Each structure stands twice: as structure tokens, then as C-alpha cells.
Amino acid sequence: MAMSGLRRGLPFLIVLACLLTEGGAWGAERNRPGEFDYYVLVLSWMPSYCRREGRDRKDRQCDASKPHTFRLHGLWPQYDKGWPEDCPIGKRPWVPAKVIDAMRDIMPSKNLIIHEYRVHGTCSGLEPAQYFGVARELYERVSVPLRFLAPDADRLASPEEIEREFLGANLWLEPEMISVTCRRADLIDIRVCFGRDLFPRACGANEDQKRLCPAGKITVPPVTP
């Protein structure tokens with residue numbers, strides 16, 4: 000994963016953040032575009048997906064000759080409790096081909112990109128190019144700990160251990176800004192929370208760690224089979 004921080008997108012983000020902070024979900028009707036409290040950036044651990052279902056589907060991202068670690072699943076607008084989805088924008092949600100192509104290096108599939116904009120991006124109040132531009136900028140801020148770059152065997156770790164490793168690799172994060180998700184004791188994803196101004200912030204009730212991963216120890220599958 001690139002680790003360029005704000006890099007060349009800083010002017011874009013500053014202007015966009017000013018626009019984003021004008022609205023909010025406070026007292027607003029739910030599922031209205033642009034009215035929410037914060038974003039959660041979701042980074043999927045691809046080896047878990049591939050082990051559980053991806054290879055059976057013959058998904059290209061599960062090709063062992065081109066192994067993947069964390070990839071961007073999505074950027075989800077959230078309320079402090081609950082979340083909007085499938086927000087009405089007055090037209091059929093459509094992601095241009097050039098936007099899809101630009102995201103294929105960090106997102107697993109075309110179908111996922113289209114799905115994420117329809118379900119979550121429409122609630123951001125942003126057009127597809129803006130929405131995925133923000134998603135990429137936030138994705139590139141997160142540094143992946145060294146232990147996750149090329150694991151070659153199953154590893155057991157607690158959610159708290161994984162969280163500490165991410166905190167160590169991203170000193171700008173605080174414990175309340177990150178959570179770990181598991182399913183059937185496998186690592187599924189890492190979630191990092193950002194405010195509407197695109198600065199890191201504490202997560203809401205949706206990212207309660209005990210709910211997202213109640214297991215004491217979870218398996219981190221290797222990058223290669």
C-alpha cells in the first residue's frame with residue numbers, strides 16, 4: 000500500500016473538507032445524501048476472503064501468482080449510531096468507466112466499486128470521482144504493519160494485538176479510532192474512522208470492538224495458500 004499521506008491531493012482535500020463540514024446527521028432525516036456524522040474506512044484482509052469464498056468464485060484477486068494483503072473495501076458514511084445506505088440522489092447511481100479503472104489497483108473488483116458507490120457513496124453527497132478520490136486519499140494514509148506485508152503461514156493473534164500493531168505503524172491514530180472485525184475467528188477487516196473534515200476521529204457505536212470481533216484469538220491467514 001502506498002504511504003504518501005496527503006501528498007499531492009492536499010489542496011483537493013482542504014476544499015472538499017470545507018464542503019463536507021457544512022452538513023451533518025444531527026437531527027436530520029436519515030438516508031439523506033451528505034448528512035452523516037463520520038466516515039469509516041474499511042480495509043479487507045484478502046487472504047481471509049479468498050480462503051472462505053473467493054477461490055470458489057474464481058475471483059482474480061485470489062490468484063496466488065499475484066497475492067494481495069489489505070485492499071480497500073469501502074468508505075462508509077456513518078451516523079454515531081447506525082448508518083445511511085442507498086441514499087436517493089435523483090438519478091440512477093452510475094460510476095464512469097474511467098473512475099472504475101482508476102480504482103482497480105486498490106479495490107478487488109468492478110462489481111464491488113459499483114456496489115460501494117450505490118450503497119455508501121450516494122450517502123456521501125459526492126459524485127463518484129470525488130467520493131473515490133477521498134477513499135483513495137484516506138486509504139493511502141494508513142500504513143500496513145510489517146507483519147502483514149507477506150505472512151506465509153497462519154498466525155494467531157488477539158484483536159487487541161492487531162490493533163496495537165496498526166497503532167504502532169500509524170502514530171496519528173488513537174485506540175478509539177480503529178477496530179478489528181472477525182468472522183468465525185478469521186480476520187476480516189480493519190476499520191479506521193475519520194471525521195467529515197477527513198481528520199481521524201473516534202469511532203461511533205457501530206465500530207464497537209466487542210461486537211465486531213468477540214473472539215479472544217483470531218486467525219490471520221497467509222498471503223499465499
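Going left to right, the sequence shown walks through residues 0 to 224 as numbering that gives the first Met the number 0 numbers them. Glycine included, every Cβ here is placed at the ideal spot set by N, Cα and C. This one's a predicted model, so the numbers in the text were calculated from it and none came from an experiment.
Have a look at P150, C61, A152 and R146 and flag the residue whose alpha-carbon is nearest the alpha-carbon of E160.
-> R146
Is the beta carbon of P221 less than 8 Å from the beta carbon of P46?
-> yes
Between G215 and the ligand SAM, is the CB less than 7 Å from at least one heavy atom?
-> Among the components of this structure there are no ligands whatsoever, and the ligand SAM is therefore not found.
Measuring CB to CB, does S178 end up less than 8 Å from L211?
-> Cβ distance < 8 Å, so S178 and L211 count as in contact.
Grab the span of the beta strand (DSSP E) containing Y38 for me, first residue to last.
-> Y37 to W44
Compare the C-alpha of F164 against each of S142, R70 and D153 and name the closest.
-> Before going further, note that residue 164 is Glu rather than Phe in the sequence given. Considering only S142, R70 and D153, the residue with the shortest C-alpha distance to E164 is S142.
Taking the alpha-carbon positions, what's the E21 to D151 distance?
-> Low per-residue confidence applies at E21: pLDDT is 47, beneath 50, and the placement is therefore not dependable enough to give any value.
What are the residues that DSSP puts in a beta bridge with G194?
-> Residue pairing by DSSP places G194 opposite Y37 in a beta bridge.
Any alpha helix (DSSP H) of 4 or more consecutive residues that is wholly inside the region 157-209 | 158-168
Report the rounded CA-to-CA distance for D207 versus R190, giving the unit in angstroms.
-> 11 Å
Contacts around L71, its chain only, beta-carbon distance under 7 Å, and the 5 residues preceding and following it disregarded | If we look at L71 and ignore the five residues flanking it on each side, its Cβ neighbours are L42, I105, M106, A134 and Y138.
Report the rounded CA-to-CA distance for G26 versus R50, giving the unit in angstroms.
-> At G26, the pLDDT of 42 sits below 50, so the modelled position is not reliable; the number obtained from the coordinates is stated separately. Cα-Cα distance, rounded: 43 Å.
Let me know the secondary structure DSSP gives G215 once reduced to three states.
-> coil
Using 10 angstroms around the beta-carbon of E162, count the other beta-carbons present and answer buried if the total reaches 16, otherwise exposed.
-> buried
Do the region 26-38 and the region 90-110 touch if we need at least three Cβ pairs shorter than 8 Å?
-> no
According to DSSP, what are the bridge partners of W75?
-> V39
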